[in-house]
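A.B. asks: Quick one: this structure, given as structure tokens, is what I'll be asking you about.
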Amino acid sequence: MVYFEQAGVWFSLTITGVFQLKFEPIRPISLVDMIVHRLEEMMLQGELSPGERLPPERDLARSMQVSRTSLRQALAILKNRGLIHVRAGSGSYTQAEPGALVITDLAGELGSFKERVLNPMEVRRLLEPQIARLAGERATSEDVEIMALLIAAQERQAAAGKIFIEEDIAFHQQIVISINNQILLRIMDDVQLRLRDSREISLSSPAGAQASLEGHKRIYDAIRNHQPDAAYEAMANHIETVANLILANLTHERRSAPSHD
């Protein structure tokens with residue numbers, strides 16, 4: 001929920017644009033995946049040493065309070081990943097060299113970053129410029145007024161040194177609302193929820209917040225003046241600016257990280 005003031009009266013605006021609470025769906029994690037994750041965690045944290053023999057299946061299943069069937073499936077996954085190996089007549093052992101686990105962990109982190117940041121940004125590039133173009137054709141005076149109020153709210157947050165994530169989301173969703181397409185609104189509701197991580201990165205610095213705010217003003221001006229092509233270009237440029245801010249932030253973090261050589 002975003003709050004803003006007009007003529008001394010405070011108003012509220014839901015960030016989904018459909019005036020109802022929206023929660024990101026929780027994807028169920030299977031018991032087998034949980035076992036795999038726990039055993040990988042034990043290896044990474046040194047609770048299971050490289051080359052160590054795992055307890056017998058019966059004992060391990062009992063200690064983890066899972067069925068032997070689920071445990072066997074988890075062990076098969078770990079074996080396929082090269083994290084454990086089986087010695088006939090002896091049992092299961094962790095790999096003597098932990099490199100496979102490190103690679104697996106890194107791949108998981110990269111996969112997570114791609115899912116949380118890169119994929120939603122790709123969707124933005126495909127959809128939002130065209131949505132802005134349509135807004136330049138269809139936005140009403142009321143839509144434009146709400147956009148102006150949201151930009152003013154962003155300015156207040158920035159002046160107070162606060163990150164304006166909710167106001168940012170609400171501004172972009174108001175643009176979608178203005179084109180009066182419920183299918184796109186539902187799609188972008190989901191996309192905007194997934195963009196929270198990227199916004200936390202791009203808005204984390206005063207320079208990033210200012211660049212984002214300037215981009216919003218250019219988009220707003222084009223929509224207010226009913227200039228579809230200019231709105232398209234302003235949105236496309238804004239998204240590229242945000243992408244560059246994210247890349248610059250990550251590059252800075254990597255260079256600032258202590259060396260382990």
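Each residue of the sequence shown is one higher than the one before, starting from 1 at the first, in full-length UniProt numbering.
Note that the Cβ used here is the ideal one computed from N, Cα and C, for glycine as well.
Since the model is a prediction, treat every value here as computed from it, not as a measurement.
1. Could you tell me the distance, in whole angstroms, from the CA atom of Glu240 to the CA atom of Glu233?
2. Val86: buried (16+ other C-beta within 10 angstroms of its C-beta) or exposed?
3. Comparing alpha-carbon positions, which option in Leu213, Ala243 and Gly136 lies nearest Ala231?
4. For the structure I just gave you, are there three or more beta carbon pairs, one from the segment 181-190 and one from the segment 208-219, closer than 8 Å?
5. Just the C-alpha distance for Leu195 and Gln173, rounded to the nearest angstrom, thanks.
6. How about Val176 and Ile131: do their beta carbons lie closer than 8 Å?
7. Could you give the residue range of the alpha helix (DSSP H) that holds Ile84?
8. Check each candidate in Ile151, Arg156, Glu47 and Arg199 and name the one with the smallest Cα separation from Arg124.
9. Within the continuous beta strand (DSSP E) that includes Ser92, where are the two ends?
10. Report the three-state DSSP secondary structure of Arg81 (helix, strand or coil).
11. For Phe171, report the span of its alpha helix (DSSP H) as first-last.
12. Which word fits His238, buried or exposed, when buried means at least 16 other C-beta atoms lie within 10 angstroms of its C-beta?
13. Go to Ser141, then tell me how far its alpha helix (DSSP H) extends in each direction, as first and last residue.
14. Quick one: measure Cβ to Cβ for Leu71 and Leu60, integer angstroms, because I've assumed they're closer than 8 Å.
15. Rounded to a whole number of angstroms, what is the C-alpha to C-alpha distance between Leu149 and Ala139?
16. Taking the beta carbon of Ser202 as the centre, do at least 16 other beta carbons fall within 10 Å, making it buried, or is it exposed?
17. Would Pro120 pass as a contact of Met235 if the rule is Cβ separation under 8 Å?
18. Along the chain, which unbroken stretches of the alpha helix (DSSP H) at least 4 residues long are found entirely within the segment 201-249?
19. Could you give the residue range of the alpha helix (DSSP H) that holds Pro129?
20. How far does the alpha helix (DSSP H) with Val36 in it reach, from first residue to last?
21. Under the assumption that Val36 contacts Leu78 (Cβ atoms under 8 Å), give the Cβ distance between them as a whole number of angstroms.
22. Hey, how far is the Cα of Ser49 from the Cα of Ser92?
23. Should Gln192 be listed as close to the ligand FAD, given that the test is whether its C-beta is under 7 Å from any heavy atom?
24. Quick one, which of Leu127, Gln210 and Met34 has its alpha-carbon nearest Asn181's?
25. Just the C-alpha distance for Gln192 and Ile169, rounded to the nearest angstrom, thanks.
26. Measure the C-alpha to C-alpha separation of Ile163 and Ser212 and round it to an integer number of angstroms.
C.D. replies: Judging by the given coordinates:
1. Taking the sequence shown and counting its residues from 1, the one referred to as residue 240 is at position 240. Taking the sequence shown and counting its residues from 1, the one referred to as residue 233 is at position 233. Using only the alpha carbons, I get a separation of about 11 Å.
2. The sequence position of residue 86 within the sequence shown is 86, counting from 1. So Val86 ends up on the exposed side.
3. The sequence position of residue 231 within the sequence shown is 231, counting from 1. Here the closest residue by C-alpha is Gly136.
4. no
5. On the sequence shown, residue 195 is found 195 positions in, with the first residue counted as 1. On the sequence shown, residue 173 is found 173 positions in, with the first residue counted as 1. Roughly 12 Å between the two C-alpha positions.
6. Walking along the sequence shown from the start, residue 176 turns up at place 176. Walking along the sequence shown from the start, residue 131 turns up at place 131. Yes, these two residues count as a Cβ contact at 8 Å.
7. On the sequence shown, residue 84 is found 84 positions in, with the first residue counted as 1. Not the alpha helix (DSSP H): Ile84 falls in the beta strand (DSSP E), residues Ile84 to Arg87.
8. If you number the sequence shown from 1, residue 124 lands on position 124. The shortest C-alpha separation from Arg124 is found at Arg199.
9. Position 92 of the sequence shown holds residue 92. Unbroken beta strand (DSSP E) run through Ser92: Gly91 to Thr94.
10. By 1-based counting over the sequence shown, the position of residue 81 is 81. It is coil, neither helix nor strand.
11. Reading the sequence shown from its first residue, position 171 is the one you call residue 171. Ile165 to Ser178 is the span of the alpha helix (DSSP H), which, as asked, contains Phe171.
12. For the purposes of this step, residue 238 is taken as residue 238 along the sequence shown, with counting starting at 1. Buried.
13. For the purposes of this step, residue 141 is identified with residue 141 of the sequence shown, where counting begins at 1. Counting along the chain, the alpha helix (DSSP H) containing Ser141 begins and ends at Ser141 to Ala159.
14. For the purposes of this step, residue 71 is identified with residue 71 of the sequence shown, where counting begins at 1. For the purposes of this step, residue 60 is identified with residue 60 of the sequence shown, where counting begins at 1. 6 Å between Cβ atoms; contact.
15. Indexing the sequence shown from 1 puts residue 149 at position 149. Indexing the sequence shown from 1 puts residue 139 at position 139. Approximately 15 Å, taken between the alpha carbons.
16. The residue you call residue 202 lines up with position 202 of the sequence shown. So Ser202 ends up on the buried side.
17. Here residue 120 refers to the residue found at position 120 of the sequence shown. Here residue 235 refers to the residue found at position 235 of the sequence shown. It is not a contact, given that the beta carbons lie outside the stated cut-off.
18. 206-224
19. What you label residue 129 is simply residue 129 of the sequence shown in a count that begins at 1. Element bounds for Pro129: Asn119 to Arg138.
20. Within the sequence shown, residue 36 is the residue found at index 36, counting from 1. Counting along the chain, the alpha helix (DSSP H) containing Val36 begins and ends at Leu31 to Leu44.
21. Mapped onto the sequence shown, residue 36 falls at position 36. Mapped onto the sequence shown, residue 78 falls at position 78. Confirmed, Cβ separation roughly 6 Å.
22. One-based indexing of the sequence shown puts residue 49 at position 49. One-based indexing of the sequence shown puts residue 92 at position 92. Near 13 Å, if we compare the C-alpha coordinates of Ser92 and Ser49.
23. Of the ligands one can find in the structure shown there are none, so the ligand FAD has no counterpart to examine.
24. Along the sequence shown, one-based indexing puts residue 181 at 181. The shortest Cα separation from Asn181 among Leu127, Gln210 and Met34 belongs to Leu127.
25. On the sequence shown, residue 192 is found 192 positions in, with the first residue counted as 1. On the sequence shown, residue 169 is found 169 positions in, with the first residue counted as 1. Their backbone Cα atoms lie some 6 Å apart in a straight line.
26. Here residue 163 corresponds to residue number 163 of the sequence shown, with the count starting at 1. Here residue 212 corresponds to residue number 212 of the sequence shown, with the count starting at 1. Going by the C-alpha atoms only, they are around 11 Å apart.
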